[in-house]
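According to the numbering used here, the sequence shown is numbered sequentially starting from 70.
Input: a single structure, listed below in structure tokens.
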Amino acid sequence: MARVALPAAAAMLALLTCLPSCTSASTAVEGCMGRQAVGVTAGQLAGTYRGEGDAKGVKLTLTASQGKPGRGTVTVNDWPTGDWYRGELGAAFDGTGTWAVVQGGTPATESARLSLSFTTPRRFLEGDTLDSLSIAEGDGRTYLYADDDPDICPAFRLRLQGD
Numbered sequence: 070m071a072r073v074a075l076p077a078a079a080a081m082l083a084l085l086t087c088l089p090s091c092t093s094a095s096t097a098v099e100g101c102m103g104r105q106a107v108g109v110t111a112g113q114l115a116g117t118y119r120g121e122g123d124a125k126g127v128k129l130t131l132t133a134s135q136g137k138p139g140r141g142t143v144t145v146n147d148w149p150t151g152d153w154y155r156g157e158l159g160a161a162f163d164g165t166g167t168w169a170v171v172q173g174g175t176p177a178t179e180s181a182r183l184s185l186s187f188t189t190p191r192r193f194l195e196g197d198t199l200d201s202l203s204i205a206e207g208d209g210r211t212y213l214y215a216d217d218d219p220d221i222c223p224a225f226r227l228r229l230q231g232d
């Protein structure tokens, strides 16, 4: 009888050992910032965001455009450049441009994203700077963050001030 219980006990121990680190992307985000947003409005996102984690010192300001739902202007300070597919942060810049909300599908399939387009400075090619952020909301807080590792709290994140 002990031979049958031993494999079951080993399997249970393996499961319990995995639980803290075996999470889905939405669970990791939810644990540190709130739930991934599926749909948001420009009014919900407008405001000034300050960086946390790898984004410390970064400032992003979103202003909603009248008559253009889910769109507006963006101003950034100390925004990083770099090859994001390699996870490298490069030199920082101050700039301006526009933003738009790309609405998600259902919670199980896709979350809403914030798309940035920089007009000043005009030195960027695709992938030269972070231009797409995920959105998380919860407990009265709003975060913008870079999806880098789905198993941990995002290192590059910005929190809406006043939250």
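Just so you know, even glycine gets a beta-carbon here, dropped at the ideal spot from N, CA and C.
Note that the structure is a prediction, hence the values are computed from the model and not measured.
For residue i, name the three-state secondary structure that DSSP assigns.
i, result
"L199", "coil"
"G112", "helix"
"T92", "A caution first: T92 carries a pLDDT of 37, below 50, which makes its placement in the model too unreliable to give a value."
What span of residues does the beta strand (DSSP E) with residue i cover, start to end?
i, result
"K128", "128-133"
"R140", "140-149"
"S36", "Residue 36 cannot be examined here, being either before or after the span of the chain that is shown, 70 to 232."
Taking DSSP's pairing of strands, which residues face residue i in a bridge?
i, result
"R226", "E121, Y214"
Is residue i near residue j, with beta carbons less than 8 Å apart?
i, j, result
"I204", "A169", "no"
"L227", "E121", "yes"
"G116", "G231", "yes"
"V109", "L129", "no"
"A224", "L199", "no"
"A161", "A133", "no"
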